[in-house]
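To keep things clear, I will list the structure first and then write my remarks on it.
Structural data, given as structure tokens:
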């Protein structure tokens, strides 16, 4: 009797699992048009970012960002918040004209989050004149659905170029005056105490 009971419970459980899986597949299939529309929208935002960057329009870049967006540029601290990111780009664009292309790479949408990753090409020319420089690299952008539309919440990139080598001895020597100044301040504080 207990063998029959276990078999019956197993069959009930298996039937329920198959039904749940089938329902999940139906839901996933029903979401495909939305996922495709989201992928298309993310790609439109990539193109809008290209246009705004190449036009030197920090305000247009800001319109693509969530209020709490974070940009992580190479070689500098993270820039947090739409206003700070816009200000960073405004300063950059006042000194440099850039022809910029984020190439489309992989776009993946998962519920209210999406990411876009791929290669980029940037040609920078100083506003005051001088030779142009070309940089290639890769990027990752993360998007969040915000009030029905997608906004960039994180952007991280780095170039393909090897960073210049730093002479360690020279670098340490340049920090010596800073260290001595700081130690003298600590010494004065300790004398007061």
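Numbering (our numbering), first residue to last: 51 to 243.
Heads up, the beta-carbon is just placed ideally off N, CA and C, and yes, glycines get one too.
Just so you know, these numbers come straight off a predicted model, no measurement behind them.
Quiz prompt | C-beta contact flag for residue 188 and residue 176 at 8 Å | solution = no
Quiz item: In angstroms, rounded to a whole number, what distance separates the CA positions of residue 86 and residue 203?
Solution: 20 Å
Quiz item: Should the stretch 132–145 be regarded as contacting the stretch 106–118, the criterion being three or more beta carbon pairs within less than 8 Å?
Solution: yes
Practice problem: Express the C-alpha separation of residue 212 and residue 119 in angstroms, rounding to a whole number. | Solution: 28 Å
Quiz item: Is residue 154 helix, strand or coil by DSSP?
Solution: coil
Quiz item: Tell me, which residues are paired with residue 173 by DSSP?
Solution: 149 and 184
Self-check item: N-terminal and C-terminal residue of the alpha helix (DSSP H) that residue 119 is part of
Solution: Not the alpha helix (DSSP H): residue 119 falls in the beta strand (DSSP E), residues 115–122.
Exercise. Mind reading off the beta-carbon distance from residue 207 to residue 164? Whole number of angstroms is fine, and I expect it under 8 Å.
Key: Going by Cβ atoms, the distance from residue 207 to residue 164 rounds to 17 Å, so no, they are not a contact pair.
Quiz item: Is residue 161 helix, strand or coil by DSSP?
Solution: coil
Quiz item: For residue 92, which residues from the same chain have a beta carbon less than 8 Å from its beta carbon, with the 5 sequence-adjacent residues on both sides left out?
Solution: 157, 159, 164, 166, 193 and 200
Quiz item: residue 197: buried (16+ other C-beta within 10 angstroms of its C-beta) or exposed?
Solution: exposed
Quiz prompt | Close Cβ partners of residue 99 (< 7 Å) along its chain, the five nearest in sequence each way excluded | solution = 111, 114 and 152
Practice problem: Can you tell me which of 191, 195, 186 and 148 puts its alpha carbon nearest to the alpha carbon of residue 174? | Solution: 148
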